[in-house]
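Q: Per my numbering: the sequence shown = residues 201 to 529.
Just dropping this structure here.
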Amino acid sequence: MMDWTDRHCRYFLRGFSPRVLLYTEMITSAAILRGDRQRLLGFDPEEHPLALQLGGSDPAQLAEAARIGEQAGFDEVNLNCGCPSDRVSAGAFGACLMHAPDLVAECVAAMRAAVRVPVTVKLRIGVVEAGRRSAMAAASGEYTDEDFARLLDFAGKVRGAGADALIVHARKAVLGGLSPKDNREVPPLRFDIVRRLRDALPGVPFVLNGGLRAAAAAAAELLWCDGVMLGREAYHRPQVLAELHAIAWPQDTWKAPSRLAMAERMAAYAAREMQRAGRLSTIARHALGLYAHAPGAREFRRTLSEGARGPGASAALFITAARQAEGLL
Ligand SMILES: Cc1cc2nc3c(=O)[nH]c(=O)nc-3n(C[C@H](O)[C@H](O)[C@H](O)COP(=O)(O)O)c2cc1C
């Protein structure tokens with residue numbers, strides 16, 4: 201998730217489960233080819249398993265970016281066909297690619313040929329332009345047979361080109377009218393459409409995304425789909441990852457550490473990063489949800505966010521904030 205799942209965030213989230221698959225922010229293939237690769241692609245080995253999400257629409261460039269990503273150690277390469285932002289659409293990638301199934305199939309085939317790790321695609325159940333009748337209909341949840349035929353054509357072509365799995369954000373994207381934030385809320389979720397798609401394409405692994413919050417509710421969807429992807433809930437209440445881990449891998453002997461232990465882990469990480477000129481505030485901002493929905497949540501957030509910005513802030517602030525939240529100070 202852009203601006204959220206940077207490497208500090210992923211390191212933090214990894215503490216909640218050794219097995220859930222984490223994703224980078226979307227990184228454009230052009231940036232990877234021309235930019236500072238260490239800054240864009242560098243990560244801590246503890247972040248595995250880790251997927252690289254690419255944005256782009258040039259098959260050769262995407263193939264090269266995927267190859268570079270595999271070499272950098274990523275465990276999966278994903279192509280973003282779901283982002284509705286105007287800036288991304290202007291670059292002719294993200295959700296607007298759902299209008300171009302043949303081009304996306306070409307991109308996927310080129311990426312598939314370039315790497316051995318899984319190549320996956322993130323998509324919406326449809327995409328419409330703002331201002332048209334279809335956009336109003338999208339906002340009301342309407343979904344026609346024609347919409348489904350387009351989705352099936354897209355998914356079938358992408359799978360035919362070699363996509364190993366499809367991750368579906370179960371709502372339409374509205375291009376050119378809604379903000380990215382509204383595009384994650386306004387068109388209603390239609391899990392039934394993802395299920396219909398899965399039934400129409402037997403054997404294709406499907407991961408469901410959109411609005412999943414409680415671990416038990418997310419896990420219930422695993423009765424019919426192959427995986428679930430959580431965005432906002434995992435960021436704001438990362439404990440949900442530990443809850444999902446316990447449900448998904450009940451035999452696993454790994455047990456989630458206490459929140460205090462999690463804070464100690466982050467203090468050690470921040471101390472290492474700060475020696476390499478990292479700033480405490482850029483790490484701490486991702487960890488504010490450590491106590492979300494638990495007693496002391498507000499104290500923890502306040503101590504960490506205010507303290508991290510203060511002069512001379514030290515990595516031990518994670519531990520101070522956690523102790524304060526638990527009434528130990
Ligand atoms: C701040 C933010 C940034 C996002 N950036 C990306 C992104 O880079 N790539 C992507 O595929 N989806 C991105 N998304 C969308 C989420 O991956 C997800 O599809 C959406 O939030 C719905 O899932 P949720 O209800 O579990 O959050 C972003 C969402 C948020 C809130």
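Backbone N, C-alpha and C fix where the C-beta goes; we use that ideal spot for every residue, glycine too.
Bear in mind that the values here come from a model prediction, so they are computed numbers and not experimental data.
1) So, using beta-carbon positions, are Ala363 and Val407 closer together than 8 Å?
2) Run the proximity test for Cys283: is its beta-carbon closer than 7 Å to any non-hydrogen atom belonging to ligand 1?
3) Is it the case that the Cβ atoms of Val317 and Asp382 are separated by a distance below 8 Å?
4) Buried or exposed: His493, going by 16 or more other Cβ atoms within 10 Å of its Cβ?
5) Is Val288 closer than 8 Å to Val358 when the C-beta atoms are compared?
6) Per the DSSP calculation, Asn280 is bridged to which residue(s)?
7) Among the residues of its own chain, which have a CB less than 8 Å from the CB of Val319, if the five just before and after it don't count?
8) Based on DSSP bridge pairs, tell me the residues matched to Ile367.
9) Keeping to the same chain, check which residues put their C-beta closer than 7 Å to that of Asp286; ignore five residues upstream and five downstream.
10) Would you identify the three-state DSSP class for Val315, choosing helix, strand or coil?
11) Cβ-heavy atom distance between Arg432 and ligand 1 below 7 Å?
12) By the 10 Å Cβ neighbour count, where 16 or more other Cβ atoms means buried, how is Arg239 classified, buried or exposed?
13) If we cut at 8 Å on Cβ distances, does Leu250 have a partner in chain D?
14) When DSSP labels each residue in this structure, what does Tyr223 get in the three-state scheme?
15) Ignoring anything shorter than 3 residues, give me the beta strand (DSSP E) runs that lie fully in the region 391 to 455, in order along the chain.
16) Give a yes or no on whether the C-beta atoms belonging to Gln524 and Glu506 are separated by under 8 Å.
17) Taking contact to mean 3 or more Cβ pairs, one atom from each stretch, closer than 8 Å, check whether the region 419 to 439 and the region 387 to 406 are in contact.
18) Does ligand 1 have even one heavy atom less than 7 Å from the beta-carbon of Glu225?
19) Quick check: what's the CA-CA separation for Ala471 versus Leu444?
20) So does Met202 have its beta carbon nearer than 7 Å to some heavy atom of ligand 1?
21) Specify, as a first and last residue, the run of the beta strand (DSSP E) that Glu526 falls within.
22) What residue ranges within the region 486 to 527 form continuous alpha helix (DSSP H) runs of no fewer than 4 residues, ordered along the chain?
A: Taking the definition as stated:
1) no
2) yes
3) no
4) exposed
5) no
6) Lys322
7) Taken in chain order, the residues that qualify are Ala266, Glu276, Val277, Asn278, Leu279, Val308, Met311, Arg312, Gly362, Ala363 and Asp364.
8) Lys322 and Val407
9) Gly376
10) coil
11) yes
12) exposed
13) Included in the structure is just one protein chain, with no chain D present.
14) strand
15) 406 to 409 and 427 to 429
16) no
17) Short answer: they touch.
18) yes
19) 29 Å
20) yes
21) Where Glu526 is concerned, there is no enclosing beta strand (DSSP E), given that its DSSP letter is neither H nor E.
22) Runs of alpha helix (DSSP H) with 4 or more residues, each lying fully within the region 486 to 527, are found at 497 to 509 and 517 to 525, listed in chain order.
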